[in-house]
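In order, the protein sequences belong to chains S and D.
In this text, residue positions in the first sequence follow our numbering: the first is 208, and each later residue adds one.
In this text, residue positions in the second sequence follow our numbering: the first is 208, and each later residue adds one.
Everything on this sheet refers to the single structure shown next.
2 protein chains.
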Amino acid sequence: MPERRNKGGRRRRPDRGERSNGVARPRLPELTNPFAPVEILGEEALERIEDTAFRMLEEGGLEVRSARARQIYADNGAKVDDESQMVWLGRDIVREFVGKAPSRFKMHARVSDRDITVGGANIAFAPVGGPPNVSSLDRRRQSGDFATLCDLIRVVHGLGVTHVSGGGLVAPIDLAVDTRHLDVSMAHITLSDQAWFASGIGRTRILDALDMVALARGCDRDQLLCEPSLYTVINVNSPRRVDEDLLDGLMAMAENGQPNVVTPFTLAGAMSPVTIAGSLAQQTGEALGVIALTQMIRPGCPVVFGGFTSNVDMKSGAPAFGTPEYVKATLAGGQIARRFALPYRSSSVNASNAVDAQAVYETGMALWAAVMSHSNMVMHSVGWLEGGLTASFEKMVVDAEMLRSWFETLQPLEVNGQELALDAILKVPPGGHFFGEDHTLERYETAFQDPVLSDWRNFETWEEDGSRTATERANGVWKQLLADYERPPIDPAIESELNALMARRKSEIERTGL
Amino acid sequence: MPERRNKGGRRRRPDRGERSNGVARPRLPELTNPFAPVEILGEEALERIEDTAFRMLEEGGLEVRSARARQIYADNGAKVDDESQMVWLGRDIVREFVGKAPSRFKMHARVSDRDITVGGANIAFAPVGGPPNVSSLDRRRQSGDFATLCDLIRVVHGLGVTHVSGGGLVAPIDLAVDTRHLDVSMAHITLSDQAWFASGIGRTRILDALDMVALARGCDRDQLLCEPSLYTVINVNSPRRVDEDLLDGLMAMAENGQPNVVTPFTLAGAMSPVTIAGSLAQQTGEALGVIALTQMIRPGCPVVFGGFTSNVDMKSGAPAFGTPEYVKATLAGGQIARRFALPYRSSSVNASNAVDAQAVYETGMALWAAVMSHSNMVMHSVGWLEGGLTASFEKMVVDAEMLRSWFETLQPLEVNGQELALDAILKVPPGGHFFGEDHTLERYETAFQDPVLSDWRNFETWEEDGSRTATERANGVWKQLLADYERPPIDPAIESELNALMARRKSEIERTGL
Numbered sequence: 208m209p210e211r212r213n214k215g216g217r218r219r220r221p222d223r224g225e226r227s228n229g230v231a232r233p234r235l236p237e238l239t240n241p242f243a244p245v246e247i248l249g250e251e252a253l254e255r256i257e258d259t260a261f262r263m264l265e266e267g268g269l270e271v272r273s274a275r276a277r278q279i280y281a282d283n284g285a286k287v288d289d290e291s292q293m294v295w296l297g298r299d300i301v302r303e304f305v306g307k308a309p310s311r312f313k314m315h316a317r318v319s320d321r322d323i324t325v326g327g328a329n330i331a332f333a334p335v336g337g338p339p340n341v342s343s344l345d346r347r348r349q350s351g352d353f354a355t356l357c358d359l360i361r362v363v364h365g366l367g368v369t370h371v372s373g374g375g376l377v378a379p380i381d382l383a384v385d386t387r388h389l390d391v392s393m394a395h396i397t398l399s400d401q402a403w404f405a406s407g408i409g410r411t412r413i414l415d416a417l418d419m420v421a422l423a424r425g426c427d428r429d430q431l432l433c434e435p436s437l438y439t440v441i442n443v444n445s446p447r448r449v450d451e452d453l454l455d456g457l458m459a460m461a462e463n464g465q466p467n468v469v470t471p472f473t474l475a476g477a478m479s480p481v482t483i484a485g486s487l488a489q490q491t492g493e494a495l496g497v498i499a500l501t502q503m504i505r506p507g508c509p510v511v512f513g514g515f516t517s518n519v520d521m522k523s524g525a526p527a528f529g530t531p532e533y534v535k536a537t538l539a540g541g542q543i544a545r546r547f548a549l550p551y552r553s554s555s556v557n558a559s560n561a562v563d564a565q566a567v568y569e570t571g572m573a574l575w576a577a578v579m580s581h582s583n584m585v586m587h588s589v590g591w592l593e594g595g596l597t598a599s600f601e602k603m604v605v606d607a608e609m610l611r612s613w614f615e616t617l618q619p620l621e622v623n624g625q626e627l628a629l630d631a632i633l634k635v636p637p638g639g640h641f642f643g644e645d646h647t648l649e650r651y652e653t654a655f656q657d658p659v660l661s662d663w664r665n666f667e668t669w670e671e672d673g674s675r676t677a678t679e680r681a682n683g684v685w686k687q688l689l690a691d692y693e694r695p696p697i698d699p700a701i702e703s704e705l706n707a708l709m710a711r712r713k714s715e716i717e718r719t720g721l
Numbered sequence: 208m209p210e211r212r213n214k215g216g217r218r219r220r221p222d223r224g225e226r227s228n229g230v231a232r233p234r235l236p237e238l239t240n241p242f243a244p245v246e247i248l249g250e251e252a253l254e255r256i257e258d259t260a261f262r263m264l265e266e267g268g269l270e271v272r273s274a275r276a277r278q279i280y281a282d283n284g285a286k287v288d289d290e291s292q293m294v295w296l297g298r299d300i301v302r303e304f305v306g307k308a309p310s311r312f313k314m315h316a317r318v319s320d321r322d323i324t325v326g327g328a329n330i331a332f333a334p335v336g337g338p339p340n341v342s343s344l345d346r347r348r349q350s351g352d353f354a355t356l357c358d359l360i361r362v363v364h365g366l367g368v369t370h371v372s373g374g375g376l377v378a379p380i381d382l383a384v385d386t387r388h389l390d391v392s393m394a395h396i397t398l399s400d401q402a403w404f405a406s407g408i409g410r411t412r413i414l415d416a417l418d419m420v421a422l423a424r425g426c427d428r429d430q431l432l433c434e435p436s437l438y439t440v441i442n443v444n445s446p447r448r449v450d451e452d453l454l455d456g457l458m459a460m461a462e463n464g465q466p467n468v469v470t471p472f473t474l475a476g477a478m479s480p481v482t483i484a485g486s487l488a489q490q491t492g493e494a495l496g497v498i499a500l501t502q503m504i505r506p507g508c509p510v511v512f513g514g515f516t517s518n519v520d521m522k523s524g525a526p527a528f529g530t531p532e533y534v535k536a537t538l539a540g541g542q543i544a545r546r547f548a549l550p551y552r553s554s555s556v557n558a559s560n561a562v563d564a565q566a567v568y569e570t571g572m573a574l575w576a577a578v579m580s581h582s583n584m585v586m587h588s589v590g591w592l593e594g595g596l597t598a599s600f601e602k603m604v605v606d607a608e609m610l611r612s613w614f615e616t617l618q619p620l621e622v623n624g625q626e627l628a629l630d631a632i633l634k635v636p637p638g639g640h641f642f643g644e645d646h647t648l649e650r651y652e653t654a655f656q657d658p659v660l661s662d663w664r665n666f667e668t669w670e671e672d673g674s675r676t677a678t679e680r681a682n683g684v685w686k687q688l689l690a691d692y693e694r695p696p697i698d699p700a701i702e703s704e705l706n707a708l709m710a711r712r713k714s715e716i717e718r719t720g721l
């Protein structure tokens, strides 16, 4: 352990207690992956998957449960049958329209220094979305409510590891179904300062969210058209079905120049073939078929190729995540997205029922695949538990530690004269140590990542302090973050306008249902 | 969930209980990494590290605490000073001798179908080595003894995920220090059937181990000369010191054509510079300097470039593992080893005090770096806990699950007509499912990895069954493996000779101390 010194303006090392009590860390800036992506498929395999995907669209078609969407497909050369709601797309049409989508785009937050670029080698982490339940060590799994959703947003903000503020971190079932999207939008806008995900179910909800985003950013819908500021995820109801509410949301997003993250729900063995190759072919066809629609609506509007292929447990039918099959599908999905020059989305997910070793090894496998497949958006990367049925407070803290570790791993390894330290190496005698060297003392405070959760004290000290596992320690971390939470600044006039807009829309919806 | 069917010779799916109770899985065969290695350093950075390493050997030198080893260095052109015990090596000498080492070699087990190739894109997993303590959920951390060491070897054998049977999985402190190497060798030979690690401390121990290996394989020392059959790890006592006992072991191994795994103990900030670049330079210099010695002794004898660079916790001085710094050093170490056409060794390690989320996320990061750096030997990959101070029974089971997941991830992703499943995709209607399809039923039993430890049942079922975490379930797995353990067959005549050899050597050592 280096001795304390304080000469020549050198900083003293912080007090031990001071450091170990602090759970705040700098928020992660934009992240670029310096490594080449891991490639699992050769050219011939990619061609076969692509050909199968195109044949699926040509011979099998998609069931498009929106007359308006079918009309758009028909107007752009697809074969359409309104009775069966089927749409058949030739590969030339798919190629033509998918080719209009941008390979990267900028996402605008309400605070411009939280803007990010989606595409290329950039990676954005997003928190868990969609679970009906929430859990912590203090209260066992229960249904979500709005107060808990707000706490989850606060903890995510405090953890500072995400680039996007998520969508429904848990479903607020205590709020009215028809208007809860307004409360959720308001929570994301005021409790965080990043771009966020709106629920893509229905046109009205998207338009409401867009009005609120425009107000929060102090701009109008025209400016939003060329400045993407809101995401939504559009799941294909695999196999080969796209539901009307989602199509309505997707069309509203595309018309307004906002990015849809088009993600087929291809769980191998259930909603897609039991083989990963077959599931990838289906995922590719479904994603490209729907992505083409966005470009028919507004050529050049941002869109993301979403991969979610995993396998189900063939014993129970339950989805599995972070499995070898998941990893392979994620790596291959990245290659396919790059083949079509589209930004790629995957996830950091697991199927464990507790924040235990299983939760972490499954998440860890999913996460390395997400990062090394060059995923541009890694969804569910903070707080996902139990196959997505539960948002876990402790899992959020564990995930944040894992994301910070990856973030630091992706920073450049400096190899210059000072870093190479030849003088220090020559100065320390054989069998000596480097603790007291100037080269060490000048750098040791910032040389290594300072973890929030990891406990590196020796066994005896750790045992005397209660033998707490990482999950038990995580419980203290999120509570501290919640206690320390400070709402990011927002112009009071804008907040007041947002409240007025929300009140007006609630009243309209209650009155007219629209 | 697929319904049971049994027609046309199709296998029925196994009974649920039958599968979930079974903890046995096929032993992993040899493993080759199909992915390109992840490269973190460019050519210029590699050149700088190499140059710094060479300057360290030229200007700083190594302290070589064996007169015989120094004489060998001197005879081969190095500058030697016997008073200070220092050896200075020019880069031309290092290049010349390191260049004689093979880039790959075959390791012979006593059962030939457990032979493996070390080098190229091959990966061998080895269990934890060296801890003084052992722990399980049943009995808290305590010192090791021989009975427990044997149980650890049995569990590793039962898990079936390693390619090497390890060295001291725990120190058997109940046995006499001077003769325990004989008991440990006997345990590895009879309780397992793989090649294994002998303690490299001292010439006598290595020669005893070699005699036992030769007997076990039914060959003589001459045959061993061209058939590597025993490993040892030689740690450089960083910085720049090589101890006499280890040099004696190393020389005995090299003379007999057996592989030394030369591993500097470069913990950045303590035994090497606080920067990863500096630690890599020192690691490279120390490893190459000692590897050169092996080739001066016996040109072409197998040797492995070992990387163990990590950082210490600058708050406590304790080593940290699986950190971002560890990952970077592991990836870079692989590039450096390949630069010198040497097989590479790294580790799957963590610094947690419990088999918890921290243990797994640190191990997970170390493991992906080990695999994706193209490590040929991944040491400590089963059972390592607490920075290597403890062998954990439950961690063994968790690690085995992680290794099986990696193994499966590294198997080829088949993309042929049958796997692409176009017929099944076209047959299942939009919104339908694939559970009942022939394509599914023909494959579902073997389509996906069948985990030992992961529990994918729904929350309610899991809760009714006791809400057991993965670590708690692991406790049942290793006990089952121990109960089911069957000693691999060995010729009784050979075993009898081994026992006689051991008895004779014990008597000699007790009488003469040699």
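Backbone N, C-alpha and C define an ideal beta-carbon position, used for all residues, glycine too.
- The beta carbon of H587/D does not come within 9 angstroms of any beta carbon belonging to chain S, so the residue lies off that interface.
- By the C-beta density criterion, C433/S is exposed, having fewer than 16 other C-beta atoms within 10 angstroms.
- Beta-bridge annotation (DSSP): K522/S is not paired with any residue.
- Scanning its chain for C-beta atoms nearer than 8 angstroms, with the 5 sequence neighbours on each side dropped, one finds around A328/S the residues T239, N240, P241 and H581, in chain order.
- Non-local C-beta neighbours of D381/S in its own chain, meaning closer than 7 angstroms and more than five positions away in sequence, comprise D352 and F353, ordered along the chain.
- Unbroken alpha helix (DSSP H) runs of no fewer than 4 residues, entirely contained in the segment 567-634 of chain S, are found at 600-616, 624-627 and 629-634, following chain order.
- Between the C-alpha atoms of M419/D and S553/S there is a straight-line separation of about 52 angstroms.
- Think of a sphere of 9 angstroms around the beta carbon of R262/S: the chain D residues whose beta carbon falls inside it are L629, I632 and L633, in chain order.
- Under DSSP, I323/D shares a beta bridge with M314/D.
- In this structure, DSSP gives V511/D an extended state, which the three-state scheme calls strand.
- The DSSP assignment places no complete beta strand (DSSP E) segment of no fewer than 3 residues inside the segment 342-386 of chain S.
- Close partners of G485/S in chain D (Cβ separation under 7 angstroms): E626, L627, A628, A631 and I632.
- For T259/D, the nearest CB of chain S lies under 9 angstroms from its own CB, placing it at the interface with that chain.
- Here Q502/D is buried, its C-beta having at least 16 other C-beta atoms within 10 Å.
- Shown here, M478/D sits in coil according to DSSP, grouped into three states, outside any helix or strand.
- DSSP places Y692/D outside both helix and strand once states are collapsed to three, so it counts as coil.
- By a beta-carbon distance limit of 8 angstroms, V556/D contacts F528/D. Their separation comes to about 4 angstroms.
- At a cut-off of 9 angstroms, the C-beta of S674/D has a neighbouring C-beta in chain S.
- Between M603/S and P338/S, the C-beta gap is not smaller than 9 angstroms, which leaves the two residues out of contact.
- Under the 10 Å beta carbon count, A690/S is surrounded by fewer than 16 other beta carbons and is classified as exposed.
- For the segment 569-584 of chain D, residues whose beta-carbon sits nearer than 9 angstroms to a beta-carbon of chain S comprise E569, T570, G571, M572, L574, W575, A576 and M579.
- Short of 7 angstroms from the beta carbon of V287/S, and not among the five residues preceding or following it, lie these beta carbons of its own chain, in chain order: R277, Y280, A281 and V294.
- For K535/S, the uninterrupted alpha helix (DSSP H) run begins and ends at P531 to R546, by DSSP.
- Counting only the Cα atoms, D427/S lies some 32 angstroms from G514/S.
- Considering only beta carbons, the part of the segment 340-355 of chain S lying closer than 7 angstroms to chain D consists of R348, in chain order.
- The three-state reading of DSSP puts D657/D in coil, since its state is none of H, G, I, E or B.
- For S399/D, same chain residues with a beta-carbon under 8 angstroms away, outside a window of 5 residues either side, are I360, V363, H364, S372 and P695 in chain order.
- Looking at the DSSP output, P338/D sits in no beta bridge, so it has no partner there.
- For I498/S against A308/S, the beta-carbon gap comes to about 6 angstroms, under 8 angstroms, which counts as contact.
- Assigned with DSSP and collapsed to three states, T397/D falls in helix.
- In the displayed model, P446/D falls within coil according to three-state DSSP, outside both helix and strand.
- As the crow flies, the alpha-carbon of T355/S is around 8 angstroms from that of V377/S.
- Three or more pairs of CB atoms, one per stretch, sit closer than 8 angstroms, so the segment 654-671 of chain S contacts the segment 605-620 of chain S.
- The beta-carbon distance between L344/S and V589/S, rounded to whole angstroms, is 17 angstroms. This is too long to meet the 8 angstroms contact definition.
- Take the alpha-carbon of L414/S and the one of W669/D: they are about 42 angstroms apart.
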